Each structure stands twice: as structure tokens, then as C-alpha cells.
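Residue numbers (our numbering), protein chains in the order written: chain A, 1 to 557; chain B, 1 to 303. Glycine included, C-beta positions come from ideal geometry on N, C-alpha and C. Computed from a predicted structure; not experimentally measured.
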């Protein structure tokens, strides 16, 4: 019943997208928001009353299990709250999440990534091809139920599936991060069956650890608002990959508690990713629209003209940094506990490896905090660096409400992480104790204490001589007075995005330059040429890729 | 009954640290004046007098400062205060002890640092901005070193809860000595004991009084943290009852005096810790943690 309703909603989305240009924009937006909300509600219904029935005949198969329903809930909520939801993308995501076989999954992924702005279609095409190849290796016509009930695939097959799924997820990352996380969980956790050797989890752990450091470094060094925010969000994806690796490790060494801990961590990271991605996309676009640039060294002082956007951005950055009680902190805490448990599991080789992973996550969280402070401090605080950023104003009111709702949701889920864990209880195997007073990190208690002490401190700070504050021009450290055409002072006399990070950049180990310059230039030229060809004709080429992949899959099965 | 005793212990702990933090600053300044031969030094209650004087001054805010200047000092003070309430001083098993997770305490310290850095960047002045940049660089190293040390301590303690670690540390494990030294180094850099970045130049009056008081509290917090994970001897447990609290108080006094003396001697030898040397110290701290973890792996079996 739920599935049929969902299929109708998806069809409605597609119809709406097709006639989108002919109905008034506000009407289309209203309908899209309504459909996203209805999807979230249906996902909730399916989580409360789970039924595993599947509809449609084998070539086209739909199915909604708890994992798919929890992801659908996230996608629905995030799309309800984002003011500019892309209808085809949501329809495709929903189709991929309720698909019961490889064909529907591939169609869903293709629809979810088609015509996504600013991206070449190499990524999605690569993702679909490697996905189909992975399912061809798993066999049974790509039918999920058949794969699950069959004997687990052998070592070489699983290794290839692992590599292909990682490629697919990496290719999807830029356009549909939520779907990338879903693919990894679905294929590696659900369909591949229990892994046999510890060494299979290492690619996931290495990818997660290296990716976590790389994304946070990118966020800390990025020159533009968009890059920095996107890299901060992708950091959560890397934490989720690492958590998935630990979860598989827990299955191998037969520690169900470890698997649960790691899966809960992965789910919190995915939640953070799904909610912060639309939030930051909106914030970055609003800022670019208002200030005319996305370069951090041309922004500054935006908190005066855009207080609501600034507050929402701060809430999102809070969730991604190493500061309690944020949602990202809760995810990191679970990852850290899972790593501690895993470090007691097996021989010294694995132990040292797990310790290295812990060091990598610690480094990435510390860097994420630096990146957040740098971004907020340079773009939103301080003095404006250009006249345009001095007169930046808030966007239209409806977007504020959507932003505030997303930011509020991220904050509330950070204060009560158990609430964020609720949708995933069925497949993480966790339980939520109503009042857990055992020794643990309790975000709620810390949030209450912070509010309490903060309230007392605010009251005290208004006492004594502080009843009224005086405003004076700041002492500019003896710099010469700026000329009159610089009303906000010389922008060069405050710390900027590059100088803020300079002490860290200088200490980064110099990456050895291999004599591959010429080679890499040639490869890049090839890839760029292919990209230009693909970008000129994205839809037909994606369709050709899908047809070719289906043909390969038919031959293989 | 246990909850009541725990609540009483928590209240006593809060009163103790609130009274001790400015006094400790005064004692250390006095001792340093004595050690460096600068006469008799200011009286021990001088920090109290300074705070009282600042309380009645009218705060002046920079014209270019935003509304963040109203909230950030509160966030800084709240984060440091809560972390200080969670770290035990004279007794374990206080009412907030179940929540005294070391990772959360490290996070609260990071929150305090981030609030300080944002506050320093708010007015857009050069010196405070540079100080914010340095604070975040060192903060990155402090977080890494501290988290690695927590990993080492939790491997033996079985939990990241500070109370449980303090309880298991009583039968000392020599593999953990490098991790303890690493925490001491991280604390030395974080508490501003040897270097003082000009983060609070734009503050005045009550705001400055709050931030300075929180700074003093942070130093005491690091003393307590170091004491709880490396020298928890004499610390009372709840079932021991209030009689054991006196012994715990005496041991706390001894620990604090020892740390204060050590830092004062370091200060007398070198007034200011330069940025490269501070970063180098954090690097050494991380290496020490790695040594501790490898030692632990080589000595412990697998589950």
C-alpha cells in the first residue's frame, strides 16, 4: 500500500517536472514541497508498520525495507525544507531508495543525477556503469531478494564488487551524496552477506581515513565559500565510510555490539550530511547572490547585513565541528568508541591500523573545527573586504524560514542524538533507552548545562558597570588611517582566509613532486576532452551508458 | 542517599574550584615574583581585586563589532565552567560524573577555543585576528594530542569516562606515562600558562572580567584533569563518605601545589613560549601518545 502510494508520488513528481515550465513557479514549488513531505510521512508509516512486500513483476521491482525507509525519510525531510527542491532529483532518489532490483536502482540513480547543475555527466555515467557491473558480478539478475537468499559470493567477486561500489559512490559523491551513502550500505552491508576476511574492510577504512583528512584540509585551505562548505559536508561522508568499515569488521570478529555502534555512527554522519548539504548550498548561493562573489577574500562582515543567514550557517558549522553538543560531535564520539572497541578485537597488525584510523579521525575533526572558524570568521565576521559585501542583504523571506527550519533541525538532533537514531533502529540493531544514565556522552545533559550556565553568565554580565555598553572606534594597531574611499578601513589590515590558515599550511608536509607532470597534463587533457563531449550531450550519452550496462548485465546473468 | 552525597560533593567541588582559580593565579604570580627576584610580589588576592575592579567599569565595544561580541564570551565562559565542573578534584563519583566523558571534555575545551577565536575575529583588528589564527593552529594540535592520549587511557580504562579512568589509574600502568606527559604538554599550551595570545584586546569591563576568570579556571581545570588521569592518589570515592573527603582535599592541595610550582619554575626560566616551540611541543605530545599506544598494544592481549 505504502509502496503504491510512493510510486504514485514519484510519478506525480515526474509529471510535475515535465509540466513545470507551464504552471506558476510558486504553485510548482508548493506541489514539490508537498510531495516531498508526503514521501517523508510515508517513510515514517513504513518504519512504524514495516512490511516487506514487493510490487511489480521481476524486471521492475519495488521494495521498501527499513534501511530504504530511513533514507527516504531523510531525503523527504531535507527536500521539504529546502526551498528549491529539484523534482526529478527527488523522484530519482526515491525510486532508487525503494528499488528492489538493480535495474530500478540504476534508473533511479540516473534520474537522480540527470541535469544536476554545474556537474559534468561523467560521474553519474561512471556510477551507473560500475553499479551495473557490480550487480552483474553478484548475479541472480540483480534481484535483491535472490542475492540475499543465495550463497555468499566468493572472495574475488566480493573484492571486485567492493571496488566497483566504491567507484560508484565516489562518482556520485559530488551530485548525490545521500544516494552514494545508501549504495555503499545497501551493497556492502546488506547484499554482499557476511564478509570472511578482515582485509576486505581495510579499503573502506583507508578510504574513510584518507578522505576525512583530505576533505577537511580542503575545507581549511579552500579559497571560496562553496568549496569550503562542500568539503566540510563531505567530511561526514568519509566518517560514514569509516564507520561502515568498522561495522563490517564487527561482523567478521563476531562482535554485534561493535557493529551496532559503528552503524549508529554511520547513520548519524549520514543524517548530518543529508541535512547540512541543502543548508550550506542555500547559504552559499544566498551569499553569492547578495555579495556578488564566492571568494572568501572578497567577503567579510556579512553578519551585519545577513544576520539570519549567518546564524543558520553558524548552526550548520557547529554541527560539523568538534564541539559538543553538535550532531557531528555525536557521530565522531560513536566512531571513536567503535574504534576503541575494535582496537581490542584482533592481532597487533589490526590494532595498530585501528589506532592510525583513530589518529586520522582525530586530525580530521580538529581540522574541521579550524575550517569552520576560518570560514565563519572571515566571511561573516570582521570588516567587509569589498563595498559589495558591505551592502549585502538577506534574500527573500521564504528561504529564511526553510534555512531556519533546517538549521533548527540540525541543532535539535545534535542536542538529542537518540532522536536522530530512531529511524535507523531496525537495521543498526540498536536500542534507545528512554533515560540512560550510564557513563557516556550525553548531549542533552551538556546542552542543558550549557544553557543553564550561559543563562546565569548572561545575567551576571549585565550587572555592575555593564548595564550600558559604550561603542568606540577600534584601535587599529597603529596602521595609517585609511583613505576616505575605504569607509570600513583597509581590508588588508585584518586577517584574511589565506593568512588565517598560513601557520597550518606552512607546517603541512611537502608532498613529493613525482616526475609525472607531463603525464598528468596529458591525462587531464584527455579527461577534459571527454568531459566536454559528455557535457554537450548528457542525456543521450547517459541513456546509451544505461543501455550498454543493461546489455552487459543480461549477458552476464 | 548516594545521589545526595554526589550532589553535595558536586556543590563542594564547584565552590572549591570557584574559590581556588583566582587564588591560584595570585599564588603563582606571587611565587614567580619571588623566584625571579622582583621584590615581594603582589598580594595573593590581587586577581580577586582586579576582577572586582573590572566589574564596575563600563564595557567599551568596538564600532566594527557585531552581535557575536554579546554571545561569544558567554559561550566561552559556559564551556570552560562546565568542563571544570565535570573534572573531579578531591572526590570521584560526583553527581555529574557519569557525564564526565573525556572526549566531551576535550570537545568543550575546543568549543571554548572556537568561541575565543571567533570573538577575536569579530572586530576585524589585525592583532586579535593573528592571535585567533595561532590559537586555532595550536588548538588543532591540542585536540589531536589529547584525543590520542584519551585513546591510550581508554584502552586500559575500558571507557572514555574520566571517573572510571581515574579509578583504574590507581594501579598505575607504566605504559601510560608517555600519555600522561602528552596531556601535560597539551595542557601547558592550552591553558596559556606559558604563552598568552592577545585574544581579548577588544574586551573591557565585565566582559573582560568574565573571560579572565574563565582563563584562570581553565588552568585549574587542566591541573585537575592531569591529576585525575595521572596522579589520582588519595582521591575519595563516594562510599568512603565525607571523612575521606578531607584526605582527598589534602591530596588535591598537594597535587595543585606541585603543578603550580612546576609551571612557575618553567615561567621563571622562560617567560614566553614562542609559536614554533609550542607547535613542536604538541608534536612531541602526539609522538608520546603513539609510543604509549604501541606499548599498550604490545603488553595487552586481545579480547
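Taking the Cα positions, residue 198 (chain A) is about 11 Å away from residue 204 (chain A). Excluding its 5 nearest sequence neighbours in each direction, residue 471 (chain A) has no C-beta neighbour in its own chain below 8 Å. Within 7 Å of the CB of residue 471 (chain A), the CB atoms of chain B belong to 61 and 63, in sequence order along the chain. A straight-line Cα-Cα distance of about 36 Å links residue 37 (chain B) and residue 145 (chain B). Taking residue 99 (chain A) as the centre and dropping the five residues before and after it, the same chain places the C-beta of 105 and 108 closer than 6 Å to its C-beta, in chain order. Judged by DSSP in its simplified three-state form, residue 263 (chain B) adopts helix. Under a 10 Å Cβ-count criterion, residue 171 (chain B) is classified as exposed, with fewer than 16 other Cβ atoms of the shown protein chains found around its own Cβ. The distance from the Cβ of residue 474 (chain A) to that of residue 126 (chain B) is about 10 Å, inconsistent with a contact at the 8 Å cut-off. For residue 470 (chain A), the enclosing beta strand (DSSP E) starts and ends at 470-472. In the DSSP annotation of this structure, the continuous segment of the alpha helix (DSSP H) that includes residue 211 (chain B) starts and ends at 205-230. According to the DSSP assignment, residue 62 (chain B) belongs to no alpha helix (DSSP H) but to the beta strand (DSSP E) extending over 60-62.
When the beta-carbon positions are compared, residue 218 (chain A) and residue 231 (chain A) come within less than 8 Å of each other.
Within chain B, the residues whose beta carbon sits less than 7 Å from that of residue 351 (chain A) are 297, listed in sequence order. Put simply, the CB of residue 175 (chain B) is far from chain A, with every gap to its CB atoms at 8 Å or more. Annotation for residue 413 (chain A): the continuous alpha helix (DSSP H) segment containing it runs 397-415. Against chain B, the CB of residue 494 (chain A) has a partner CB under 8 Å away; the residue lies at that interface. The beta carbon of residue 75 (chain B) falls within 8 Å of a beta carbon belonging to chain A, placing the residue at that interface. If you compare the alpha carbons of A:146, A:158 and A:247 with that of residue 137 (chain A), the shortest gap goes to A:158. Relative to the Cα of residue 235 (chain A), the nearest Cα in the group A:328, A:381 and A:386 belongs to A:328. In this structure, residue 299 (chain A) sits near residue 378 (chain A), with a CB-CB distance shorter than 8 Å.
When A:278, A:363 and A:490 are compared, the shortest CA-CA separation from residue 79 (chain A) is found for A:278. In this structure, DSSP gives residue 385 (chain A) a state outside helix and strand, which the three-state scheme calls coil. If you check the CB distance, residue 393 (chain A) and residue 311 (chain A) do not come in under 8 Å. Beta bridge pairing from DSSP links residue 236 (chain B) with B:91.
DSSP places residue 497 (chain A) inside the alpha helix (DSSP H), whose first and last residues are 497-507.
Contacts with chain A at 8 Å (Cβ-Cβ) do not include residue 292 (chain B). Residues are counted here when their Cβ sits less than 7 Å from a Cβ of chain A; for the region 103-118 of chain B these are 103, 104, 107, 108, 110, 111, 114, 117 and 118, given in chain order. Within 9 Å of the CB of residue 336 (chain A), the CB atoms of chain B belong to 103, 147, 150, 151, 154 and 160, in sequence order along the chain. Taking every protein chain shown into account, the CB of residue 202 (chain B) has 16 or more other CB atoms within 10 angstroms, so this residue is buried. Residue 89 (chain B) has a beta carbon lying at 8 Å or more from every beta carbon in chain A.
For residue 367 (chain A), a Cβ of chain B is located within less than 8 Å of the residue's own Cβ. Taking 8 Å as the cut-off, the beta carbon of residue 79 (chain B) is found no closer than this to the beta carbon of residue 132 (chain B). Within the model, the alpha-carbon separation for residue 462 (chain A) versus residue 51 (chain B) is close to 15 Å. At a C-beta separation below 8 Å, residue 382 (chain A) has these neighbours in chain B: 64, 121, 122, 123, 124 and 129. For residue 31 (chain B), the nearest beta carbon of chain A is not closer than 8 Å to its own beta carbon. Under DSSP, no beta-bridge partner is assigned to residue 79 (chain A).
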